[in-house]
Each structure stands twice: as C-alpha cells, then as structure tokens.
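Chemist: Once you've had a glance at the structure underneath, I'll fire off some questions.
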Amino acid sequence: MVSQLEPVPKKEAISQTAKQNLWQAIQTVIGWQNQAPPLVRVSRQESLPLSFSQERLWFLHQLEPTKASAYNIALAFRIAGSLSYYILEKSLNEILCRHEALRTTFGWVEGKPVQLIHPPVPFPLTVIDLQQLPATQREAKAMQQVTEDIQQPFDLQDVPLIRGTLIQLDCEEHILLLTVHHIAVDAWSKGVLFEELAALYQAFSQGQSSPLPELPIQYADFAAWQREWLQGDFLQILLDYWKQQLGSNLKELQLPIDHPRPAAPTCRSASQKVKLPKALSEALKTLSRQEKVTLFVTLLAAFNVLLHRYTEQEQLFVCSPTANRTRKEIKGLMGYFVNLLILKTDLSGNPSFQEFLGRVSQVASGGYAYQDLPVQQLLRSLNLLQAPLSQVMFALQNTTIHQLELPGLTVQNLDVDTGTADFDLYLYLIEEAGSLTAVFKYNTDLFETTTIQQMLQHFQTILENIVTHPEQSLSSLLPLTEAEQQQLHQKRAKQQNSKLENVYIAPQNALELKLAQLWSEVLNIPSIGVKDNFFELGGQSLLAMTLFARIEETFGQTLPLTTLLQAPTVEQLAKLLGQEATPSWSSLVPLQSNGHKPPFFCIHGQQGSVLNLRDLAHYLGSEQPFYGLQARGLDSKQAPHFRIEDMAAHYIQEIRTIQPEGPYFLGGNSMGGIVAFEMAQQLHQQGQTVAALVMFDTFGRGCFPRLSFRQQHYWTYLWQLGLSKSLWQEVRELLQRKREVMIGQLYLSLGHSLSQAYSRALVTEANMQAKKGYTPKVYPGRVTLFRASEPSTFSKLYLPTPKDWSSRDPQHGWSGLASEGLEIHDVPGDHFSLFQEPHVQVLAQKLKACLNQAQTNSY
Numbered sequence: 107m108v109s110q111l112e113p114v115p116k117k118e119a120i121s122q123t124a125k126q127n128l129w130q131a132i133q134t135v136i137g138w139q140n141q142a143p144p145l146v147r148v149s150r151q152e153s154l155p156l157s158f159s160q161e162r163l164w165f166l167h168q169l170e171p172t173k174a175s176a177y178n179i180a181l182a183f184r185i186a187g188s189l190s191y192y193i194l195e196k197s198l199n200e201i202l203c204r205h206e207a208l209r210t211t212f213g214w215v216e217g218k219p220v221q222l223i224h225p226p227v228p229f230p231l232t233v234i235d236l237q238q239l240p241a242t243q244r245e246a247k248a249m250q251q252v253t254e255d256i257q258q259p260f261d262l263q264d265v266p267l268i269r270g271t272l273i274q275l276d277c278e279e280h281i282l283l284l285t286v287h288h289i290a291v292d293a294w295s296k297g298v299l300f301e302e303l304a305a306l307y308q309a310f311s312q313g314q315s316s317p318l319p320e321l322p323i324q325y326a327d328f329a330a331w332q333r334e335w336l337q338g339d340f341l342q343i344l345l346d347y348w349k350q351q352l353g354s355n356l357k358e359l360q361l362p363i364d365h366p367r368p369a370a371p372t373c374r375s376a377s378q379k380v381k382l383p384k385a386l387s388e389a390l391k392t393l394s395r396q397e398k399v400t401l402f403v404t405l406l407a408a409f410n411v412l413l414h415r416y417t418e419q420e421q422l423f424v425c426s427p428t429a430n431r432t433r434k435e436i437k438g439l440m441g442y443f444v445n446l447l448i449l450k451t452d453l454s455g456n457p458s459f460q461e462f463l464g465r466v467s468q469v470a471s472g473g474y475a476y477q478d479l480p481v482q483q484l485l486r487s488l489n490l491l492q493a494p495l496s497q498v499m500f501a502l503q504n505t506t507i508h509q510l511e512l513p514g515l516t517v518q519n520l521d522v523d524t525g526t527a528d529f530d531l532y533l534y535l536i537e538e539a540g541s542l543t544a545v546f547k548y549n550t551d552l553f554e555t556t557t558i559q560q561m562l563q564h565f566q567t568i569l570e571n572i573v574t575h576p577e578q579s580l581s582s583l584l585p586l587t588e589a590e591q592q593q594l595h596q597k598r599a600k601q602q603n604s605k606l607e608n609v610y611i612a613p614q615n616a617l618e619l620k621l622a623q624l625w626s627e628v629l630n631i632p633s634i635g636v637k638d639n640f641f642e643l644g645g646q647s648l649l650a651m652t653l654f655a656r657i658e659e660t661f662g663q664t665l666p667l668t669t670l671l672q673a674p675t676v677e678q679l680a681k682l683l684g685q686e687a688t689p690s691w692s693s694l695v696p697l698q699s700n701g702h703k704p705p706f707f708c709i710h711g712q713q714g715s716v717l718n719l720r721d722l723a724h725y726l727g728s729e730q731p732f733y734g735l736q737a738r739g740l741d742s743k744q745a746p747h748f749r750i751e752d753m754a755a756h757y758i759q760e761i762r763t764i765q766p767e768g769p770y771f772l773g774g775n776s777m778g779g780i781v782a783f784e785m786a787q788q789l790h791q792q793g794q795t796v797a798a799l800v801m802f803d804t805f806g807r808g809c810f811p812r813l814s815f816r817q818q819h820y821w822t823y824l825w826q827l828g829l830s831k832s833l834w835q836e837v838r839e840l841l842q843r844k845r846e847v848m849i850g851q852l853y854l855s856l857g858h859s860l861s862q863a864y865s866r867a868l869v870t871e872a873n874m875q876a877k878k879g880y881t882p883k884v885y886p887g888r889v890t891l892f893r894a895s896e897p898s899t900f901s902k903l904y905l906p907t908p909k910d911w912s913s914r915d916p917q918h919g920w921s922g923l924a925s926e927g928l929e930i931h932d933v934p935g936d937h938f939s940l941f942q943e944p945h946v947q948v949l950a951q952k953l954k955a956c957l958n959q960a961q962t963n964s965y
C-alpha cells in the first residue's frame, strides 16, 4: 500500500500541519488494513453476495440492457504462424475452469442480487474462415466481424461471460477476438489472462499438463470478505476521511458541450488522440522528479487546468480508476476489482502550477490511501447518490503493457474500440516506448469532433507551458483568444438555457433498480428514473394494481394502492419498502393535506379506488385540502360494505377524525356520488351542516336499462383497458349472450395478485349490490352535478345511437331528489376522461368556483 502513495512536494504552499495530518491519516488507515481478517474460501452452499464494484456495474447493466455493450471489454490479436486451434481452445477452457468469475451469473434471492457460480462448461471457440474471399476483402470483413461481436451485449444470466472468435485470413494468419463482460474482468485481469494463456498453450503444445498452481481463493471469496470487512469502525474511518475531502455537494461540471444532454443517459462514443513528442514526454517526467511527485499527479494537474479554463469552476471533481488489488491473495485472480476514486481539487486563488501540484499530490495521496471504500458505498453513505459521477474520468497507463506471447507464433495486439462509454469525457494517457499518447474518449451525443480536437490541442499547450514555466499562474498556462473565450461562454450559456426540466436520475441500489424495472414493464417505458412520477408517466389505478401485484410477488410485501399517492416515485417507494413497518391501511386517504380552507371529501367510484382523483386534487391548489375515501375491503383484511347506508356511516366516522364538526364539503365520483348523497342525508339527520354536495357524472337508477348492474360494471372495466375493436365486439357478443365472466378471473388475467384480484372483485361485487339495493330519498338541500359532455364508449353500448344518447335523462336520474335544486355544470370529456388531462383542469376550475361560493355562503 505504501508503495502506491504519492509523496507530498516540499512546498510552502502546503503547511507542515497539513502534511502531518495527511501522514497521520495514512498511518491510521494502514494500521487498520493490517488488522483485516484473513481472506479465505467461503462455502458455496450459501447465497454469495456481489462485491461493491460488481454491484455498481450490475446495476448499470440492468438499468439499460440495450446499452449493455458499453461494458464489454474486447481483446483482439493478430497471430502469424502455425496456430493450433485445438490447443488454443483447450487453453481457454482451462482458464474458464480456473476462474469462477468467468462462469458466474447473477440473479435475485430474497430481493438481493447474488452471484451464482456454475460448474465448468465447454467453451467452444467460434471459427470463421475467410479464405474463400478475395485476399483484398478479407481484412475489411474481419474487422466488420470484430465490430459486430464487440457490440453484442452479454446476458448476465447466461454463462460464460466470455466469447472467443478465431477469424482465419490465411493458413498461417488469424485474428483472435476475446470479448468479456467487464463484471468478470478488469484491466489487471488482462495481464493474468495473457500470462496463463501463454503458459497453458506452451505446456499443452508439448503434451504436458497445466503448469499453473491451483487458486486457493476465487473472486466470490473476495466479495464475501469485502462485505464482512467494510463495516464498523474501519468503515467509519474511511467515511470520515471522504466526507471531509468531498464535502456535501459534488457540483456538476459546466463542460462546453455542443448538444443538450439527453433526458436518458447514452453511451455512444468516439475517440481522438495525439502522440506527444518524445522530448515533451521526457520533460514531463523530469518536472515530476524535480517537484517530487509522480507523473500521474503532474498530468492530472494539467488536466484540471484545462477543465478549469473551460468551465471557470474552481472546485473540480474528477474520477480516476484504481486497481484496488492491495492484498497479495488476489493479484493472480481474474475479476472486477477496480474502484473509482473521486479526486476533488481546489484551483482557487490562481496559484502557480508548482503550488497547484502540491495540492493535487495531497489529494491523490489521501485518495489512494483510502481507496478501500467502494465509490457506491461512499456516495450512499454521504447521501450523494445523485452526484454527477459519469462526467469526467482520468487515467494514466504507465505500467508495463501486457503482450500476449504464444510459443512459435508472432502475436500483435490490435487496437479495437467498442464505440461505447459510460463517461461524458475520459482522458487517458498511455506511456509506450518512452512517449506519451493522450486519448480523449467522449460521448458523441454531447460533443462534436472539432471540440475534442481543440481540447487535445489546448491540453498539449498546457503541457508545453508547465515544463518550461512551472512557476506561471494557472490562468497563464492556456491563454485563450477572444474568439475562443466567446465560444466557450456561448456554449456554457447554451447549456444552462437548455437544461431539461425532467432530469433522468438512475437507480442507486438493488431495491430502486428492481422497482424501476417493474415500473418499466408495467408502464411499457424503457428508462425509469428514481424521481419519475408514476402518475405523470401515465399510470392509473389498473396499472397500479398490476404494479403492486408485481411488488408483492417480488418482495413479499402487500401495500395499499394509495401508497402511490404518498410515494409516487421509485425513490420514495423504495424508502417505504425498506422500512420494517408497512403503511397502515385506512379508508381516508390524504391527496392534499395542506391549506387553510375547509377540507373537501370525495368518495370512490365503483371499483373502490381513489387514485384517479389525484390530478383533480392537484389542480384545486395548495390551499384546498382534499381527502379521498377508498372502499373498505381493498386491503384483503376487512369485509367490504354491501349497503350504501353502511358505507356512508363508516365514511362519516373517518372524515370526523379530520373535521369533527361541519359544515362539510362532500363529493363523489360516479357511484361515489350516491354514497356522498347518503352521507349528506345522515349528517343532516345528526344536525350537521353540509355546505356542498357534489356528484361527478353520477347516474341514478334507471338511466341505463339495457344492461344489468354487473354487465354495466364489466363493460366499464373493459373500456378502461382500452381493448381492440375486434375484442370489443367479442365481449359485446358475450354480454348479449349473457355469458357470466368471473370478475376475479379478469383481474388475475391482467397480472394482478390473487389477493388483489379477490379483494377487488369482492369490493366491486359489494358495491354493485349496494348500489342496486339503494333507494334514494329526497335530500333537504342542494346538489351540484358535474356532467360529462361526451358519451363514453361503454355508454354507447347502453345507448348505441345518437338519438338514444340525446334522449337520455339530462339530470342523470336526480330530478326531484334535491329539495333546494339540482345545479348542473357540463364539463369536457366523458365519464372517465373528465378526471384526466386536459379535461381535469377545466373540472378543477369549475369545482373550485363552486367550493369557494359554498365556503362564502356557509361562514
């Protein structure tokens, strides 16, 4: 560990106190590392957890399966000589046997992602023979095949997580392509693979057995050890350090992007590179030695200067990968050990480059010393999960570049690009043969090639200036022309003006990820962010039932549908599911509990739910409290009411927990208007005042004589499903033949759980019986009826001709039942859409006027 630390430069810019504090921090963490438990093999009979790094990458893969190829690692080689296909395939199979990481899949057990290790399976090496093509076409065809294979994503539920393709160009010329998912390997693993493949190929060529010693532990053992070790006091020490370093806010870099950032993340990328002159490369190494820092620190500092000049920000956050192989037991393993360090640099005060080097060196030294804390756990613990981590990354590859060497063959590494990346901008430098090559990999949805080329030129300019004048201030290292400054200013302004209102925020843990997947399946929307609102994405009560059935099936928790009203986002719902106590069930549901006005209580429709009232409550405004009353029995625990009078009495008890005395403001959706009517009757008999009694397209008895109440409900339900015209006709014929269809079976067929299907069917049946058995009496007050101006599709079944519809009772059967009169307001939409956009806004406006008038008259 100590060998990887960056020495702090002896500059007055860094106080002796700061040096001592840093050194003490490093000594503390090293002391704890020496107390780590031994890394031993664990039982394969129990569920094996993912490592923290695996978990992060697995989330990303599950989040955007169509973009999964971004996590493919491609290794391609040109092989000249007499290659043995049999020996090569046998060698690769032996490697697959040795390393469990290559034959591990991932699944869910009790709501958590786990590793599933499979026994060795045959690994066939695919052979593509291009010798039948003209020699001039073979190379292009081979590269086309390589590109297609690289862009083919892996299924993390299938083994193995490696593919092998051997393309034969001639009898003694081949291209070998090995494609591996990043969750199984990292950059270090490439070296392990090359060494083992070379040793095995040589041994098998000579008829010998494998010369490689058995691996005492595997990647799964490391993952279990990591989970055990990173807790308690050691975890707190790591967290305390990073909390002090990063603060509470990782600000987004104002990069000079050319195009607005898409609402959902993308991974399309390209690369631009420049090979630095050898003299400049040597000068950078010399400067690093003089300032007593590593080449990594010097180049990172230069990159920060470039970002500072482009963004005008003084606090910068740049990610940098670290091998995270601090224990000798894992150095010979293949697996995904890499971790990301978040390096925060301070460029305030326009210091000299030499002074700034000291600052960067201190940040890098502490970061490497405290690299044991996985980035995902760090962000979760510091409540920084929404931090913009996918923006900028920096790396230097100055260790020995691994070369595959096979006996009797000439092997050349081929430079292949997957065309995908999960960072906006990634600068990495490669040191080879004494020279540095700078490569910018960038998101092509954000940047134009010309912008990246300009960045490369400016980066080289900074490097040239720091080796000649390291004492210069940072602002002097990249003098920008007036035109360049204006261009950057315009891009930053354009970026600010084009910020999307609905920013996509990816799930951050297993629970959020699984919920987002369920939402995606139910709503048929590819990408669901944790801040996305279920209702704003098109969710309604039927879809909510399907969603909660899937939640019950996946997590074993049964939640009231109205939970979505209090927790309509993935993030909020995940927090509720993570609590030990599930939300209690009540008929009274607060849709908007704030405001100084007297509350408005609205009763459910025939299916018992109040989810469809959400938008109406919203458009009434923040000063109007709005409570829904859902049917008893939806929770599968209580028996539903079979009489309107009993419903009314129960709901009066509920509303009095909020408002013990009148005047009351009541409303009802469809059948709920009948219940509200009876509540008003009972409240009047109890000596209470009902200031407003509102019905939303409520029909009295006898309005639709063509169908029975059960058929009316059934047809209504099918209409809400949006069935095709042919299926409409089929259902209509069934109804005309009076075939009975069990409502519960219908709910089950839509993916609702058994408990939900039974509860919903029972509540619906109870409501139909209650409605059928209720005979309204004259109410000694006034009734306000909001009447839909358009016939719904199910109404056209009852009244199939325009003449029938125009001749319907315009008072919906309430004529003579309100002694102080029936006030009717026509509103746009039909029986269902009047509660939906855009009609609900008109309804809310008219209802608000009625309530305001009633409030004025009653106080």
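Under the numbering used here, the sequence shown has 172 at position 66, and the numbering climbs by one with no breaks.
Each residue gets a CB set at the ideal place from its N, CA and C atoms; glycine is no exception.
What separation, rounded to the nearest whole angstrom, lies between the Cα atoms of T968 and A876?
Modeler: This structure cannot settle anything about residue 968, because the visible part of the chain is limited to 107 through 965.
Chemist: For Q593 and T574, I'd like the C-alpha separation in whole angstroms.
Modeler: Against the sequence shown, residue 593 aligns to sequence position 487. Against the sequence shown, residue 574 aligns to sequence position 468. Taking the straight line joining both Cα atoms gives about 28 Å.
Chemist: Give me the DSSP bridge partner(s) of A798.
Modeler: Here the question's residue 798 lines up with position 692 in the sequence shown. Its beta-bridge partners are F771.
Chemist: Quick check on P240: buried or exposed, where buried means 16 or more other Cβ atoms within 10 Å of its Cβ?
Modeler: Along the sequence shown, read from residue 1 onward, the residue named residue 240 stands at position 134. Exposed: under 16 other Cβ atoms inside 10 Å.
Chemist: Excluding the 5 residues preceding and the 5 following A304 in the sequence, name in chain order all residues of the same chain whose CB lies nearer than 7 Å to its CB.
Modeler: On the sequence shown, residue 304 is found 198 positions in, with the first residue counted as 1. Within the same chain, A304 has close Cβ partners L510, E511 and L512.
Chemist: Within the same chain, show all residues whose beta-carbon is closer than 8 Å to that of A745, passing over the 5 residues directly before and after it, in chain order.
Modeler: Stepping through the sequence shown from its first residue, residue 745 is reached at position 639. The answer, listed in chain order, is R738 and G739.
Chemist: Between P427 and A501, is the Cβ-Cβ spacing less than 8 Å?
Modeler: What you label residue 427 is simply residue 321 of the sequence shown in a count that begins at 1. What you label residue 501 is simply residue 395 of the sequence shown in a count that begins at 1. A contact, by the Cβ cut-off of 8 Å.
Chemist: Considering only residues of the same chain and omitting the five flanking positions on each side of V1045, which have a CB-CB separation below 8 Å?
Modeler: For the chain, the structure presents residues 107 to 965; residue 1045 sits outside this window and is missing.
Chemist: Only counting the same chain, and skipping five residues up and downstream in sequence, which positions put a Cβ closer than 7 Å to that of S699?
Modeler: Translated into the one-based positions of the sequence shown, residue 699 becomes position 593. Excluding positions up to five away in sequence, the list reads P731.
Chemist: I need the straight-line Cα distance from M777 to G645, nearest angstrom please.
Modeler: Mapped onto the sequence shown, residue 777 falls at position 671. Mapped onto the sequence shown, residue 645 falls at position 539. Taking the straight line from one Cα to the other gives about 22 Å.
Chemist: For the alpha helix (DSSP H) that contains F462, what are its first and last residues?
Modeler: Locating residue 462 in the sequence shown gives position 356, counting from the first residue. Element bounds for F462: F459 to A475.
Chemist: Go through the segment 233-283 residue by residue and report every complete run of the beta strand (DSSP E) that reaches 3 residues or more, in order.
Modeler: For the segment 233-283, whole beta strand (DSSP E) runs of length 3 or above, ordered along the chain, are 268-276.
Chemist: Could you pull the start and end residues of the beta strand (DSSP E) that C966 belongs to?
Modeler: Nothing about residue 966 can be read from this structure; the chain reaches only from 107 to 965.
Chemist: Spatial neighbours of T907 within its chain, please: C-beta separation below 6 Å, excluding the five flanking residues on both sides.
Modeler: Indexing the sequence shown from 1 puts residue 907 at position 801. Low confidence applies to T907: its pLDDT is 46, below 50, so where it sits in the model is not reliable enough to give any reading.
Chemist: Since C425 sits in a beta bridge, which residues does DSSP pair it with?
Modeler: Taking the first residue of the sequence shown as 1, we reach residue 425 at position 319. Paired residue(s): I448 and M499.
Chemist: Would you tell me roughly how many angstroms separate the C-alpha atoms of Q497 and T271, rounded to the nearest one?
Modeler: Against the sequence shown, residue 497 aligns to sequence position 391. Against the sequence shown, residue 271 aligns to sequence position 165. Using only the alpha carbons, I get a separation of about 33 Å.
Chemist: I need the DSSP call for L336, collapsed to helix, strand or coil.
Modeler: For the purposes of this step, residue 336 is taken as residue 230 along the sequence shown, with counting starting at 1. Looking at L336 - three-state DSSP - the assignment turns out to be coil, as it is neither helix nor strand.
Chemist: With DSSP run on the structure shown, which of helix, strand or coil describes A960?
Modeler: Locating residue 960 in the sequence shown gives position 854, counting from the first residue. Reduced to three states, the DSSP call for A960 is helix.
Chemist: For the beta strand (DSSP E) containing A290, list its first residue and its last residue.
Modeler: Position 184 of the sequence shown holds residue 290. From DSSP, A290 is part of no beta strand (DSSP E); its letter is neither H nor E.
Chemist: Starting from E929, trace the beta strand (DSSP E) in both directions and tell me its first and last residue.
Modeler: The count along the sequence shown starts at 1 and reaches residue 929 at position 823. That run of the beta strand (DSSP E) goes L928 to V933.
Chemist: Going by Cα to Cα distance, which pick from L282, L682 and W691 is closest to D741?
Modeler: Locating residue 741 in the sequence shown gives position 635, where the first residue counts as 1. The option with the nearest alpha carbon to D741 is W691.
Chemist: What are the boundary residues of the beta strand (DSSP E) that K218 is part of?
Modeler: On the sequence shown, residue 218 is found 112 positions in, with the first residue counted as 1. Residues K218 to I223.
Chemist: Quick one: give me the first and last residue of the beta strand (DSSP E) that E537 is part of.
Modeler: Within the sequence shown, numbered from 1, the residue matching residue 537 stands at position 431. Where E537 is concerned, the enclosing beta strand (DSSP E) stretches over L531 to E538.
Chemist: Have a look at P769, Q787 and W348 and flag the residue whose alpha-carbon is nearest the alpha-carbon of S925.
Modeler: Taking the first residue of the sequence shown as 1, we reach residue 925 at position 819. Closest option to S925, Cα to Cα, is Q787.
Chemist: Since L520 is in the beta strand (DSSP E), which residue starts that stretch and which ends it?
Modeler: The count along the sequence shown starts at 1 and reaches residue 520 at position 414. Start and end: T516 to L520.
Chemist: Determine contact between the segment 139-147 and the segment 326-344, defined as no fewer than three beta-carbon pairs at a distance below 8 Å.
Modeler: Result yes; three or more Cβ-Cβ pairs closer than 8 Å.
Chemist: Going by the DSSP bridge assignment, what does N178 pair with across the sheet?
Modeler: As a first step, residue 178 must be located in the sequence shown, where it is residue number 72. In the DSSP output, where bridge partners are listed per residue, N178 has H287.
Chemist: With a Cβ-Cβ cutoff of 8 Å, do S311 and S190 count as a contact?
Modeler: Translated into the one-based positions of the sequence shown, residue 311 becomes position 205. Translated into the one-based positions of the sequence shown, residue 190 becomes position 84. In contact: S311 and S190 (Cβ atoms closer than 8 Å).
Chemist: Looking only at DSSP bridge pairs, what is Q698 linked to?
Modeler: Here the question's residue 698 lines up with position 592 in the sequence shown. Bridge partners of Q698: F732.
Chemist: Which residue wins for smallest C-alpha separation from A797, given the options K681, N963, F783 and L336?
Modeler: Position 691 of the sequence shown, counting from 1, holds the residue named residue 797. Of K681, N963, F783 and L336, the residue nearest in Cα terms is N963.
Chemist: Considering Y548, what are the terminal residues of the beta strand (DSSP E) in which it resides?
Modeler: As a first step, residue 548 must be located in the sequence shown, where it is residue number 442. Run containing Y548: S541 to N549, per the beta strand (DSSP E) assignment.
Chemist: Within 10 Å of its beta-carbon, does P115 have 16 or more other beta-carbons around it, so buried, or fewer, so exposed?
Modeler: Position 9 of the sequence shown, counted from the first residue, corresponds to residue 115. Only weak support is given to the placement of P115: the predicted model assigns it a pLDDT of 36, under 50, and the value that follows is read from those uncertain coordinates. The residue in question, P115, is buried, as its Cβ has 16 or more Cβ neighbours within 10 Å.
Chemist: Since F892 and M801 are thought to touch, with beta carbons under 8 Å apart, how far apart are those beta carbons, to the nearest angstrom?
Modeler: As a first step, residue 892 must be located in the sequence shown, where it is residue number 786. As a first step, residue 801 must be located in the sequence shown, where it is residue number 695. Contact flag correct, Cβ pair sits at about 7 Å.
Chemist: Are the segment 204-212 and the segment 258-272 touching, with three or more C-beta to C-beta distances below 8 Å?
Modeler: Yes: at least three Cβ pairs fall under 8 Å.
Chemist: So Q468 and L447 are supposed to be a Cβ contact under 8 Å. How far apart are they, rounded?
Modeler: Taking the sequence shown and counting its residues from 1, the one referred to as residue 468 is at position 362. Taking the sequence shown and counting its residues from 1, the one referred to as residue 447 is at position 341. Wrong, their Cβ atoms sit about 14 Å apart, outside the cutoff.
Chemist: Just reading off the alpha helix (DSSP H) that F783 is part of, what are its end residues?
Modeler: To locate residue 783, count along the sequence shown from 1; it is residue 677. Its alpha helix (DSSP H) spans residues G778 to Q791.
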